[in-house]
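Residue numbers (the numbering used here): 266 to 413. Glycine residues also receive a C-beta, built at the ideal position from the N, C-alpha and C atoms. Since the model is a prediction, treat every value here as computed from it, not as a measurement.
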């Protein structure tokens with residue numbers, strides 16, 4: 266079984282720097298919370314991890330199918346609870362791509378496979394909260410798994 270381990274060091278006030286395989290990731294709190302607002306708060310890194318995990322899955326599958334897009338962005342949003350512990354209550358991933366129209370089915374399939382089978386971050390999150398997604402291809406919504 267593989268194990269991931271990181272180290273995190275306190276740098277004064279509310280600033281922490283995590284070492285992830287030799288790459289520093291800085292976190293801080295707002296001035297109001299005792300920090301200096303010099304880096305992101307920790308909670309959005311959950312959204313970052315999800316976007317990286319699913320994005321890499323989707324690109325890998327589309328490359329393998331020789332249907333790599335010319336443009337690929339994602340927006341990931343999470344609704345935060347009003348009360349403590351403040352946590353995400355739901356998350357939505359929006360995949361925004363530009364590609365040949367003929368690639369629509371392959372794109373939908375790659376996103377579904379990532380979200381339902383391959384992305385470990387999404388799998389972990391889905392045990393705790395709803396994770397929905399939608400796909401926009403060439404400025405047109407082509408898929409959503411959101412509840413209406």
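If you draw a straight line from the C-alpha of residue i to the C-alpha of residue j, how long is it?
i: residue 271; j: residue 284; result: 6 Å
i: residue 404; j: residue 276; result: 44 Å
i: residue 324; j: residue 344; result: 27 Å
i: residue 310; j: residue 381; result: 21 Å
i: residue 357; j: residue 339; result: 10 Å
i: residue 372; j: residue 308; result: 29 Å
i: residue 348; j: residue 354; result: 11 Å
i: residue 392; j: residue 385; result: 11 Å
i: residue 304; j: residue 282; result: 10 Å
i: residue 327; j: residue 268; result: 29 Å
In or out: residue i buried (at least 16 other Cβ within 10 Å) or exposed?
i: residue 313; result: exposed
i: residue 215; result: Here the chain has residues from 266 to 413 only, and residue 215 is not among them.
i: residue 336; result: exposed
Please determine, among the options, the residue with the shortest C-alpha to C-alpha distance to residue i.
i: residue 273; options: 292, 404 and 267; result: 292
i: residue 333; options: 349, 295 and 322; result: 322
i: residue 296; options: 290, 289, 280 and 286; result: 280
Can you tell me which residues form a DSSP beta bridge with residue i?
i: residue 355; result: 344
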